[in-house]
Amino acid sequence: MRDSVRVRFAPSPTGYLHIGGARTALFNWLFARHNKGVFVLRIEDTDRTRSTEEYIEAILDGMTWLGLDWDEGPFRQTERMDVYRRYIERLLDEGKAYYCYCSPEELEERRRAALKEGRPPKYDGRCRDLDSPPADRPPAVRFRMPRTGQTIVEDLIRGPVVYENEQLDDFIILRSDGSPTYNFVVVVDDVDMGITHVIRGDDHLNNTPKQIHIYRSLGFPVPEFAHLPMILGPDKTRLSKRHGATSVQAYRDMGYLPEALLNYLVRLGWSCGDQEVFTKEELIEKFSLEAIGKSAAVFNPDKLLWLNSQYIKDSPADYISELLVPFLQREGLVGEGEDIDREWLRRAVATLQERSRTLLEMARSMRYYMLEYVELDPRAKEKFVNEKTKPLLEDVRRGLAGVEDFSAGEIEKVFMSVVERHNTKLGKVAQPVRVAITGNTVSPGIFEVLEIVGKERVLKRLDRAIEGI
RNA sequence: GGUCCCAUCGUCUAGUGGUCCAGGACGCCGGCCUCUCACGUCGGUAACACGGGUUCGACUCCCGUUGGGACCGCCA
Numbered sequence: 001m002r003d004s005v006r007v008r009f010a011p012s013p014t015g016y017l018h019i020g021g022a023r024t025a026l027f028n029w030l031f032a033r034h035n036k037g038v039f040v041l042r043i044e045d046t047d048r049t050r051s052t053e054e055y056i057e058a059i060l061d062g063m064t065w066l067g068l069d070w071d072e073g074p075f076r077q078t079e080r081m082d083v084y085r086r087y088i089e090r091l092l093d094e095g096k097a098y099y100c101y102c103s104p105e106e107l108e109e110r111r112r113a114a115l116k117e118g119r120p121p122k123y124d125g126r127c128r129d130l131d132s133p134p135a136d137r138p139p140a141v142r143f144r145m146p147r148t149g150q151t152i153v154e155d156l157i158r159g160p161v162v163y164e165n166e167q168l169d170d171f172i173i174l175r176s177d178g179s180p181t182y183n184f185v186v187v188v189d190d191v192d193m194g195i196t197h198v199i200r201g202d203d204h205l206n207n208t209p210k211q212i213h214i215y216r217s218l219g220f221p222v223p224e225f226a227h228l229p230m231i232l233g234p235d236k237t238r239l240s241k242r243h244g245a246t247s248v249q250a251y252r253d254m255g256y257l258p259e260a261l262l263n264y265l266v267r268l269g270w271s272c273g274d275q276e277v278f279t280k281e282e283l284i285e286k287f288s289l290e291a292i293g294k295s296a297a298v299f300n301p302d303k304l305l306w307l308n309s310q311y312i313k314d315s316p317a318d319y320i321s322e323l324l325v326p327f328l329q330r331e332g333l334v335g336e337g338e339d340i341d342r343e344w345l346r347r348a349v350a351t352l353q354e355r356s357r358t359l360l361e362m363a364r365s366m367r368y369y370m371l372e373y374v375e376l377d378p379r380a381k382e383k384f385v386n387e388k389t390k391p392l393l394e395d396v397r398r399g400l401a402g403v404e405d406f407s408a409g410e411i412e413k414v415f416m417s418v419v420e421r422h423n424t425k426l427g428k429v430a431q432p433v434r435v436a437i438t439g440n441t442v443s444p445g446i447f448e449v450l451e452i453v454g455k456e457r458v459l460k461r462l463d464r465a466i467e468g469i
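Heads up: the first sequence at position 15 corresponds to 15 in this note's numbering, and the numbers run straight through without jumps.
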């Protein structure tokens, strides 16, 4: 029986929850759920100048929307300052850390010079063994890194990664203002929270040897590490705002379903044979770190769009209807607090499910279902609603007016008799009616469209179209 | 500049030494279905970065080259 798995997602609230962060959260969540472990949420807000409450809210909100529920937290680092200081004291007492009196400006200066001369911009260790400290400035605290030997990161995805200790430098663990830095804090938190597996972005791989030394110097066991490949933009650089919409809420607002986004994200780096579409339960069951690839992946909006369309098509109409309401409101088709006939909406949605790729698209298609009248597209009108088709429209109007039970089945009968009387084809009748009713040449099947629009409005729109010829 | 990581169709990927003249998915192109558009369905396009080894045999193992990425902060 292995120890129970504990993982965490630890975003810094300096922005919205973005695609990359969401995928990291997802992998952690899946790993926890698959192993019946614990998923901890921790907010890395030690950067007080850039962290905001608004972003914290946005991140929690995004997680909730995606259905990535956490078992513990959210913990905040700013609430744990005394814990960090205690450990720093200990390191100082044991000689595993030391005060550094170099000013940020001096450091920056030296770094620039080193870079310019092509030397590694590494701290030179000049305060490492200081015996007479200058008393005139507040010191920072640096970690005393071993100068020989090597450190091996046993990564679950990449295998062993070897670092020469001489490449590592004495990094700052406590700023001169008394606040601890990331590479230190992350270790203390992960230890305190009993994290067994650190699953995070590839960009942290090079920080890992430093952190391993912190674990060791504090006498704590080193957790397992799994570094996820990055998500890239089309130009193969790290995905960022430059590449357009990258926040989770942006996708929500564009009408993507959370399960579609999750499904897309999980396939960026993880695979399970040839399977593309997974339910959440399947993901939990099938997920494993071993099946994660090593190479970075380019974000492909087209495939996400396709997946979204699959989910819209295959979800129950009730569910889609529910999600659609906010979009209808935003499109001005439903007033705030206005009641809509749920059963009618469900039927309308059902006709649009296989031809909408996003909820926003669907909401826009709902115009001709919900408005009293629609504008006819000029080109469509010219081609289909004209002198030539007028007799057809009039005949359809006449037939429809006499229909008691205004159902798709009865409507079809009217169309068929019109087709027969004029010795023509259904298409010749359907298109003019489609344009008259929807304003355009594209819609679901004409019989069901008419049924949903309803007899009264159908007749009114036909009248108006005929008058407009 | 240093260190580290990565490398199969345009993109996401399957492949774990022979079953691969490389499979699936998105996209794109064409057929079918059809009242339009979609959906669906059938078919097509398109890849093992390069060079050395190892081996009877390499997409698969090793080395190098090239290309890409990440990190080198008193940011996280």
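Don't be surprised by glycine CBs; every beta carbon is placed ideally from N, CA and C.
I'd like to know whether the C-beta atoms of residue i and residue j end up nearer to each other than 8 Å.
i, j, result
"Ser365", "Leu352", "yes"
"Pro432", "Phe384", "yes"
"Leu66", "Val266", "no"
"Asp192", "Arg42", "no"
"Leu376", "Gly332", "no"
"Ile490", "Thr246", "Since the first residue shown for the chain is 1 and the last is 469, residue 490 is missing from the structure and cannot be characterised."
"Ala436", "Leu393", "yes"
"Gly125", "Asp93", "no"
"Thr24", "Gly273", "no"
"Gly194", "Arg6", "yes"
"Ile231", "Arg347", "no"
"Gly21", "Tyr55", "no"
"Lys390", "Ile312", "no"
"Lys455", "Val374", "no"
Grouping DSSP H, G and I as helix and E and B as strand, with all else coil, what is residue i?
i, result
"Ala363", "helix"
"Thr151", "strand"
"Ser471", "The shown model of the chain, from 1 to 469, leaves out residue 471, and the question about it has no answer."
"Tyr256", "coil"
"Val277", "coil"
"Ile231", "strand"
"Ala297", "strand"
"Val186", "helix"
"Glu164", "strand"
"Ile292", "strand"
"Phe447", "helix"
"Thr441", "coil"
"Arg330", "helix"
"Arg50", "coil"
"Val396", "helix"
"His34", "helix"
"Thr208", "helix"
"Gly409", "helix"
"Glu404", "coil"
"Asn263", "helix"
"Asp302", "helix"
"Arg434", "helix"
"Asn308", "helix"
"Trp70", "coil"
From the DSSP secondary-structure annotation, give me the bridge partner or partners of residue i.
i, result
"Pro180", "Leu174"
"Phe225", "Asp155 and Val198"
"Val141", "Tyr99 and Leu174"
"Ile284", "Answer by DSSP bridge pairing: none, since Ile284 is not bridged."
"Phe39", "Val7"
"His507", "In this structure the chain extends from 1 to 469, so residue 507 is not present and cannot be described."
"Arg238", "Leu232"
"Arg76", "Ile43"
Determine the closest residue to residue i out of the options, with distance taken between C-alpha atoms.
i, options, result
"Phe287", "Tyr16, Phe143 and Phe31", "Phe31"
"Ile214", "Leu168, Ser240, Leu257 and Pro160", "Leu168"
"Pro180", "Glu79, Gly255, Asp235 and Ala363", "Glu79"
"Lys236", "Glu285, Asn207 and Phe299", "Phe299"
"Asp341", "Ser356, Glu354, Glu322 and Phe327", "Glu322"
"Cys127", "Ile466, Ser103 and Trp270", "Ser103"
"Pro144", "Tyr256, Glu166, Leu426 and Ile411", "Before going on, a small fix: residue 144 reads as Arg here, not Pro. With distances taken between Cα atoms, Arg144 lies closest to Glu166."
"Asp203", "Arg238, Gly178 and Pro234", "Arg238"
"Thr49", "Ile59, Arg85, Ser12 and Gly62", "Ser12"
"Glu154", "Ile88, Ala140 and Thr208", "Thr208"
"Leu488", "Glu361, Glu281, Tyr319 and Arg330", "Only positions 1 to 469 of the chain appear in this structure, which leaves residue 488 out of reach."
"Val349", "Gly337, Asp314 and Pro378", "Asp314"
I'd like to confirm something about residue i: is its beta-carbon nearer than 7 Å to some heavy atom of the ligand ATP, or not?
i, result
"Thr424", "For the structure depicted, the ligand ATP is absent and the ligand set is empty, with no information on it obtainable."
Contained alpha helix (DSSP H) runs [length at least 4] in the segment 85-126, N- to C-terminal order: 104-116
Whole alpha helix (DSSP H) runs in the segment 364-393 with 4 or more residues, listed along the chain? 367-370 and 378-384
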